[in-house]
Amino acid sequence: MNVIPTQDIAGHCLHAFTQLIPASRAAFYCVDRHLQAHDFSLQGMSGEMHRDYLDHYRQFDPLQPRYCVSSDLAVVPLGLAMARQPMRDSERYRSFLQRYGVVDVVEVFAHRDGQPQAAISLLRTVDQGVFTHQQLTQLNALQALLQLAVAHLPAHEDALSDLTPKERQIALLLRQGVSNKQLARELDVGLPTIKTHLINLFRKVGVSSRTELVSALFL
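So for the sequence shown, the numbering used here puts the first residue at 17; every next one is plus one.
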């Protein structure tokens, strides 16, 4: 089976899904063996919104893979997911969506060996309204295309393949538990540059800490 770059697969999948099921914003992401989302590809979504999500609201998102895996559904509507979590968490997540004009979200998952491998998140704004029953039915049919695309994704153990050489070097050093000062010495750069590299690397992988990064890439 040929391995196709994740970004290529993400671009084709996002285009196909949003052409058939209108959505103002969309995201494609991979799922690691710990059911954490990483390697986000965005369409129509601002970097500000995505950073806000990762930094402050991801923990309240009921559509995270670790919550959806138990549903045995390939297409998971926001309303169904919210009904399964504490009301306070749903309210906080709803406030985040409303801040960016989003009224509905649906997640479409593809699996490999019984585990989620990738997903597409589709977001609708007020002018589009919520997803209809017919559209959810269509997404269930489209899921087969996503499932086929996932067969060409790099396996979990190839998680480093999407990183640049410098990002791989930093990731490998982080696995050894080095400090920021040690990283600066190893790369022969200043501490502010190291902090910038780490922020960019965390966002690229879809994590918020060194521990999460090491888990996503190596465990």
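Note that CB positions come from ideal geometry on N, CA and C, so glycine has one too.
Do residue i and residue j have their CB atoms nearer than 9 angstroms?
i             : j             : result
glutamate 228 : glutamine 52  : yes
glutamine 124 : proline 81    : In the sequence under discussion, the amino acid at residue 124 is valine, which differs from the glutamine named in the question. No.
valine 146    : aspartate 120 : yes
aspartate 178 : threonine 22  : yes
glutamine 144 : serine 40     : yes
Reducing DSSP to helix, strand and coil, say where residue i ends up.
i             : result
leucine 180   : A small correction: the amino acid at residue 180 is threonine; leucine does not occupy that position in the sequence shown. The answer is coil: DSSP assigns threonine 180 none of H, G, I, E or B.
histidine 66  : helix
glutamine 192 : coil
valine 221    : helix
glutamate 173 : Caution applies to glutamate 173, whose pLDDT of 48 falls short of 50 and renders its modelled position unreliable; the value that the coordinates give is listed next. Note: glutamate 173 maps to helix in three-state DSSP.
aspartate 129 : coil
threonine 148 : coil
tyrosine 116  : coil
isoleucine 37 : coil
alanine 160   : helix
methionine 17 : Note that methionine 17 scores 49 on pLDDT, short of 50, meaning its location in the model is unreliable; the coordinates nonetheless yield the value given after this. Reduced to three states, the DSSP call for methionine 17 is coil.
alanine 134   : strand
arginine 110  : helix
On a CA-only basis, which of the options is nearest residue i? Give me that one, please.
i                 : options                        : result
histidine 72      : Ala232, Ser224, Asp129         : Ser224
lysine 211        : Val221, Lys220, Gly222, Leu199 : Leu199
tyrosine 116      : Ala187, Leu139, Leu36          : Leu139
arginine 219      : Gly60, Met98, Tyr69            : Tyr69
arginine 226      : Met98, Asp88, Asn196           : Asn196
glutamate 64      : Phe112, Val142, Pro102         : Phe112
leucine 188       : Asp88, Ala134, Ile25, Val230   : Val230
arginine 236      : Gln114, Phe76, Ser106, Ala134  : The chain is shown from 17 up to 235; residue 236 falls before or after that span and cannot be answered.
alanine 42        : Tyr83, Pro102, Ser137          : Ser137
aspartate 204     : Lys182, Asp178, Gln59          : Lys182
arginine 67       : Gly222, Leu233, Phe234         : Gly222
phenylalanine 248 : Ala160, Met98, Ser86, Gly60    : No information on residue 248 is available, as it lies outside the stretch 17 to 235 that the chain covers here.
Determine, using beta carbons only, whether residue i comes closer than 9 angstroms to chain C.
i                : result
phenylalanine 76 : Here chain C cannot be found, since the structure has a single protein chain.
* Asked: Unbroken beta strand (DSSP E) runs of length 3 or more, entirely within the segment 52 to 104: which are they?
  -> 53 to 59, 91 to 93
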